[in-house]
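Protein chains in written order, with this note's numbering: chain A, 1 to 126; chain B, 127 to 671.
Every residue, glycine too, gets a C-beta built ideally from N, C-alpha and C.
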Amino acid sequence: MSETPDRRLLTPEEYREAQASPEFQELKRRFRAFAFPMTVAFLVWYLLYVLLSTYAPDFMGTPVFGDVNVGILFGLAQFVSTFAITHVYVAHANKRTDPIADEMRERLEHHEYARGGAATGRDVAR
Amino acid sequence: MTAVPTAVLAAEATGETVGTPWVNISIFGLFVLVTLAITFRASRNNKSAADYYAAGRTITGQQNGLAIAGDYLSAASFLGIAGAIAVYGYDGFLYSIGFLVAWLVALLLVAELMRNTARYTMADVLAFRMRQGPVRTAAAISTLAVSLFYLLAQMAGAGGLVTLLLGVTGEAAQAVVVAIVGALMIFYVLVGGMRGTTWVQIIKASLLIAGAFVMTVWVLAGFGFNLSALLGGAQANATAGSDVLAPGAQYGLSGTTKLDFISLAIALVLGTAGLPHVLMRFYTVPTAKDARKSVVWAIWLIGIFYLFSLIIGYGAGALVGAESILAAPGAVNAAAPLLAFELGGTVLLGIIAGVAFATILAVVAGLTITASASFAHDVYASVIKKGQVSGNGEVHVARITAVVIGAISIGLGILALQAGLNIAFLVALAFAVAASANLPTIIYTLFWRRFTTQGALWSIYGGLIICVGLIIFSPVLSGAETSLFPAVDFAWFPLRNPGLISIPASFLLGWLGTVVSKEPVNEMKHAELEVRALTGIGAEKAVHH
Chain A
1 MSETPDRRLL
11 TPEEYREAQA
21 SPEFQELKRR
31 FRAFAFPMTV
41 AFLVWYLLYV
51 LLSTYAPDFM
61 GTPVFGDVNV
71 GILFGLAQFV
81 STFAITHVYV
91 AHANKRTDPI
101 ADEMRERLEH
111 HEYARGGAAT
121 GRDVAR
Chain B
127 MTAVPTAVLA
137 AEATGETVGT
147 PWVNISIFGL
157 FVLVTLAITF
167 RASRNNKSAA
177 DYYAAGRTIT
187 GQQNGLAIAG
197 DYLSAASFLG
207 IAGAIAVYGY
217 DGFLYSIGFL
227 VAWLVALLLV
237 AELMRNTARY
247 TMADVLAFRM
257 RQGPVRTAAA
267 ISTLAVSLFY
277 LLAQMAGAGG
287 LVTLLLGVTG
297 EAAQAVVVAI
307 VGALMIFYVL
317 VGGMRGTTWV
327 QIIKASLLIA
337 GAFVMTVWVL
347 AGFGFNLSAL
357 LGGAQANATA
367 GSDVLAPGAQ
377 YGLSGTTKLD
387 FISLAIALVL
397 GTAGLPHVLM
407 RFYTVPTAKD
417 ARKSVVWAIW
427 LIGIFYLFSL
437 IIGYGAGALV
447 GAESILAAPG
457 AVNAAAPLLA
467 FELGGTVLLG
477 IIAGVAFATI
487 LAVVAGLTIT
497 ASASFAHDVY
507 ASVIKKGQVS
517 GNGEVHVARI
527 TAVVIGAISI
537 GLGILALQAG
547 LNIAFLVALA
557 FAVAASANLP
567 TIIYTLFWRR
577 FTTQGALWSI
587 YGGLIICVGL
597 IIFSPVLSGA
607 ETSLFPAVDF
617 AWFPLRNPGL
627 ISIPASFLLG
637 WLGTVVSKEP
647 VNEMKHAELE
657 VRALTGIGAE
667 KAVHH
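Have a look at this one:
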């Protein structure tokens, strides 16, 4: 159908070259250096909320003002942190990973990794 | 017409009237007419498989964000969460937090990478560097399993709503209504494909969020925009002896229920990124950047909606009262409609009822198209026909599958009519299945070079079998008053949500299956997957007509 066949145009060797290139390793490092610790962080933060709700209901039930207690505020804080992490991730992607990804995509489309990584000026073939 | 006296009777029993059925039906009918017209318009552009499965990949990030919200904010979110908060207070709040935080897993780890590497289905990614046949089959089976659990939950919601809002009682009459809902949904999917389904979801999400906004402001205005006063009101009207402001009203009773709460929480937060119908929405946008944008929109819309549902839930607790809610037909799921009636009378109830029906219709359509795409693309085209099938042959099979799945869901819906289970609880089971069968394989495939076919199969089948098996032998099915089959008792697993056991087990099986297999790593395919996932080279492009 009207699916573009362009991904067939890249050879497996080009993918290997691209994968081994220093810019790709940097892209991967930047992606993981943000995504992995942040995932651990928000999961721990969420589990802390769940465990406190389960095993420290009296603490969570401590009134802060009027009928609003620690638990309600803790829950609302989960909303705030989710919105904040979303915002920080988008900023990180725009600034730190998108530029490398865009440039590499451009060069892959021009088959610059087909020439043994010559375009990068480095011989990184394994 | 014979239904009317019973409805009045039920209303008298609860001390509430439940509005005028014809108002509810006309508002719902209006929604159906508008969406049908849009579906017909959208269908004119449906030419290829990419059109049918992925709306030609021409949906913008913002539109897709709305459509994701439409897909995700099912009857569980609207009726189930509001009901759980109204009756159990704080413990119901956890659902919305789990459902929301889960989106960060999708945003950070899954959405963009999947968009870059798949064509139509989840299995496109899972089978990418594995042996195609077995992995695709496994992924298709788990897709169908998750979709059926989710469908069951939606149809159970439809059944309760029918009783409450349309004044339709009696098994036969309710079955007819469920069949009509199912037939409409099949029609949307057959005619509109993903494009039509997407627009149904966009309209529905807008209506739902607007409706919830109106109710939220209305409730808050009644309490002088004072959150503390609202909470106090809910506490004053709670069932005797329960504290709806602090944790524990539902899950704090014993060591087992506490573990159940944790199990539920884990299933919620890890389920979203493994839901096939959510993953499939990422393929409808032109690029990974649009996939990211759509998740950001979705997180904001869904988060704000859940903040509304907190107010609506406590508002229902304060203004309607937990005991009246539990006594109403539809039980806990009736909180939001009853609150609407309390606030705005027949008209607001009609609007909210129409929106709730639209919600069920749209979510069921999204599930059906996902399940049918998975069968046609993964099982029929890739496994049975070994890829030797034209795009339209595949779409033809997808359409037939959609009819079959629609028929199955009508059947399930009729069965589910009798059960008064909370919809959010049922959906949480679908989340547990998704987190157990799908998420470990998705994560390993994207981030672990060594991962093998055997690891994928052990993880998918192992996670699926353990999860569904534990549900079968849990109090959900038998052995308790609230079970589906209360008369028998074959339950030996104490937790009502199996996530605590089945999700770690699936991760472990994926790891074990990989380290004991002799399959060498396909370095070429791994390189292709990694480079495509992170750079977006070779990603499927938008279709221009």
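Just measuring C-alpha positions, the residue of B/P624, B/L583, B/L233 sitting nearest B/V261 is B/L583.
For B/S354, the closest Cβ of chain A is nearer than 8 Å. Straight through space, the alpha carbons of B/F551 and A/P57 are spaced by roughly 22 Å.
For B/F557, no beta strand (DSSP E) run applies; the uninterrupted alpha helix (DSSP H) run containing it begins and ends at 549 to 563, by DSSP. The way I'd put it, the region 265 to 283 of chain B doesn't touch the region 516 to 525 of chain B; fewer than three beta-carbon pairs between them come closer than 8 Å. With a cut-off of 8 Å on Cβ pairs, the region 566 to 577 of chain B is in contact with the region 232 to 248 of chain B, counting three or more such pairs. Proximity of A/V50 to chain B, defined by a Cβ-Cβ separation below 8 Å, is satisfied.
When beta bridges are read from the DSSP output, A/V68 appears opposite A/F65.
If you check each beta-carbon in the region 16 to 36 of chain A against every beta-carbon of chain B, the ones closer than 7 Å belong to R16, A18, Q19, F24, L27, K28, F31, A35.
Within its own chain, the residues whose Cβ lies closer than 6 Å to the Cβ of B/G581, once the five positions on either side in sequence are excluded, are G636, G639, T640, listed in chain order.
Within 8 Å of the CB of A/E109, the CB atoms of chain B belong to I663, in sequence order along the chain. Below the 8 Å Cβ cutoff, chain B contributes no neighbours of A/P99, its closest Cβ being approximately 11 Å away. If only complete runs of 4 or more residues are kept, the region 248 to 307 of chain B shows the alpha helix (DSSP H) at 248 to 252, 258 to 291, in order along the chain.
Not flagged as an interface residue toward chain A: B/I306, since no C-beta distance is shorter than 8 Å.
Contact check between the region 620 to 631 of chain B and the region 204 to 216 of chain B: fewer than three CB pairs, one atom from each, fall below 8 Å, which does not count as touching.
According to the DSSP assignment, B/Q376 belongs to no alpha helix (DSSP H), since it is labelled neither H nor E. Residue burial is scored here from C-beta neighbours: B/S380 has fewer than 16 other C-beta atoms within 10 angstroms and is therefore classed as exposed. B/Y178 is a Cβ neighbour of B/G319, given a cutoff of 8 Å. The Cβ of B/A266 sits no closer than 8 Å to any Cβ of chain A.
Across the set A/H92, A/P99, A/H110, A/M104, the C-alpha of A/H92 shows the shortest separation from the C-alpha of A/A33. Residue ranges of uninterrupted alpha helix (DSSP H) with 4 or more members, entirely inside the region 316 to 368 of chain B and ordered along the chain, are 319 to 348, 353 to 362. By the C-beta density criterion, B/L159 is exposed, having fewer than 16 other C-beta atoms within 10 angstroms. Using a C-beta cut-off of 8 Å, the region 10 to 22 of chain A makes no contact with the region 38 to 54 of chain A, since fewer than three inter-stretch Cβ pairs fall below that distance. Here the region 423 to 443 of chain B does not lie against the region 592 to 605 of chain B, with fewer than 3 beta-carbon pairs under 8 Å apart. A direct Cα-Cα distance of roughly 29 Å separates B/A479 from B/S354. The beta-carbon of A/A91 is placed no less than 8 Å from the nearest beta-carbon of chain B. Residue environment for B/W618: exposed (fewer than 16 other C-beta atoms within 10 angstroms of its C-beta). Residues A210, P373, G374, A375, Q376, Y377, G378, F387 of the same chain have their beta carbon placed closer than 8 Å to that of B/D217, with the five preceding and five following residues left out of the count.
With its beta carbon at least 8 Å from every one in chain B, A/V40 lies outside the interface. With fewer than 16 neighbouring CB atoms inside 10 Å of its own CB, A/H110 falls in the exposed class. The beta carbon of A/V68 falls within 8 Å of a beta carbon belonging to chain B, placing the residue at that interface. Assigned with DSSP and collapsed to three states, B/S535 falls in helix. Residue state for B/S600 is assigned as coil, using DSSP reduced to three classes. Here B/F611 carries a strand assignment [DSSP, helix/strand/coil].
When Cβ-Cβ separations below 8 Å define contact, B/L357 makes contact with chain A. Using a Cβ distance threshold of 8 Å, B/R525 and B/L252 do not count as a contacting pair.
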